[in-house]
Each structure stands twice: as structure tokens, then as C-alpha cells.
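One structure below.
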Amino acid sequence: MSSFDELQAVIRRGAQARQADQRACEGFLNLLYHALRAANGPGLPLNNVSMDPVPDPQETLRPAPLGSWHAAWFRLGLCEVLVRVRRADGAFRGEYGRGEGFRVDDLSEDAVLRLARQVLRDVITMYGGGHDEGTHLN
């Protein structure tokens, strides 16, 4: 078997695992999107939040190998933040902004909402703002 044929066989064998990994990461990014919309608390939804899934800008192989990063741009009103996520050690690990990182083991609504609030706080800090009294990010 040639190296080329071996490569094709390896890619075919791993296709289902890569697709499952991609669906899981995309599902997590979708959970984060909904959590960001609800981050201000009950009755105070953030209506100007959107998500644009994109290929990871740092990925140099297609299809991306198992365990690769998956990415989405989150528009938060007047700014956008790239969130990258991958599955590792049974958890979702990610990064956003200027090197902020996270690990989520529990996909409960509360855990993802805590992450969404942390992302918002960190983005505020990255833009040089402090805690605004009108912001409800408990």
C-alpha cells in the first residue's frame, strides 16, 4: 500500500469520529450562544448577540484531525470575539479574545451561563472598561 493510499484509508476510518467531534463542538458553541443571550438574567435577554461558525483560522489540514479546534465568531453588539473550542479529556476546552481560556466539564445550563458571563466580563476588560452599574453579570 502506498503512503497516499494509507493516508486515504486513515482519513476514511476516522471520518465518523471526526464528524461526531465536530457535531459536539458545534453543539457546545450553540449552547454558549444561547447562554450569552441570557447572560443578563431573566427578562433581560441580549438581543444583539449573533454567532457565525467558521473554520478554525489556525487549522492547516482539511478535514481537521480528531481533537482539532472548532471556531465561531460571536458578535456582541459592537464587537466580535472569536471562540475556539475542542474536546479533550472528556471536557470542552476553549479560548477566546486575547488568550483567555476555559474548561467546561459540566454542560448544565448554569455552567455554560457562568462561562458566558465570564466571557462578557473578560471582553469588557479587554476593551478597557470596568464594571458598569447597569450591567447585570452576576
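Just so we're aligned: 257 in our numbering is position 133 of the sequence shown, and the numbers increase by one with no gaps anywhere. Idealized CB from N, CA, C, for every residue including glycine.
For residue i, the first and last residue of its enclosing alpha helix (DSSP H)
i: Arg222; result: Run containing Arg222: none; DSSP gives neither H nor E here.
i: Arg186; result: It is not in any alpha helix (DSSP H) - Arg186 carries neither H nor E in the DSSP assignment.
i: Asp129; result: Ser127 to Arg137
i: Asp213; result: Counting along the chain, Asp213 falls outside any alpha helix (DSSP H), and DSSP gives it neither H nor E.
i: Ala240; result: Glu233 to Met250
Straight-line Cα distance separating residue j from residue i
i: Thr184; j: Trp193; result: 11 Å
i: Ala133; j: Ser127; result: 10 Å
i: Gly151; j: Arg245; result: 23 Å
i: Pro177; j: Leu200; result: 14 Å
i: Ile248; j: Arg186; result: 34 Å
i: Val228; j: Leu131; result: 33 Å
i: Met175; j: Arg137; result: 31 Å
i: Asp180; j: Gly225; result: 16 Å
i: Asp202; j: Met125; result: What sits at residue 202 in the sequence shown is Leu, not Asp. C-alpha separation (whole angstroms): 54 Å.
i: Ala196; j: Val243; result: 14 Å
i: Gly264; j: Glu204; result: Any answer about residue 264 is impossible in this case: the structure gives the chain only from 125 up to 262.
Boundaries (first-last residue) of the beta strand (DSSP E) holding residue i
i: Pro179; result: Looking at the DSSP string, Pro179 is not in any beta strand (DSSP E), and its letter there is neither H nor E.
i: Ala196; result: His194 to Leu200
Inter-residue CB distance, residue i and residue j (contact presumed, cutoff 8 Å)
i: Asp163; j: Ala240; result: The question names Asp, yet the displayed sequence has Ala at residue 163. Between Ala240 and Ala163 the Cβ distance is about 4 Å, and since that is below 8 Å, they are a contact.
i: Phe216; j: Leu160; result: So it is not a contact: roughly 15 Å between Cβ atoms.
i: Leu265; j: Tyr220; result: As displayed, the chain neither begins before 125 nor continues past 262, which places residue 265 out of reach and without an answer.
Test: residue i CB closer than 9 Å to a CB of chain D
i: Pro181; result: Chain labels in this structure do not include chain D; a single protein chain is all it has.
Proximal residues to residue i (C-beta, below 6 Å), its chain only, five neighbours per side dropped
i: Leu155; result: Val236
i: Gly258; result: In this predicted model, Gly258 has a pLDDT of only 45, less than 50, meaning its place in the structure is not dependable; the value taken from the coordinates is given anyway. Taken in chain order, the list of residues that qualify is empty.
Cutoff 7 Å; reference residue i; Cβ partners in own chain excluding five residues on either side
i: Leu170; result: Leu160, Arg161, Ala163 and Asn164
Counting beta carbon pairs with one atom in the segment 138 to 150 and one in the segment 209 to 216, are three or more of them shorter than 8 Å? Because the criterion of three Cβ pairs below 8 Å is met, the segment 209 to 216 and the segment 138 to 150 touch.
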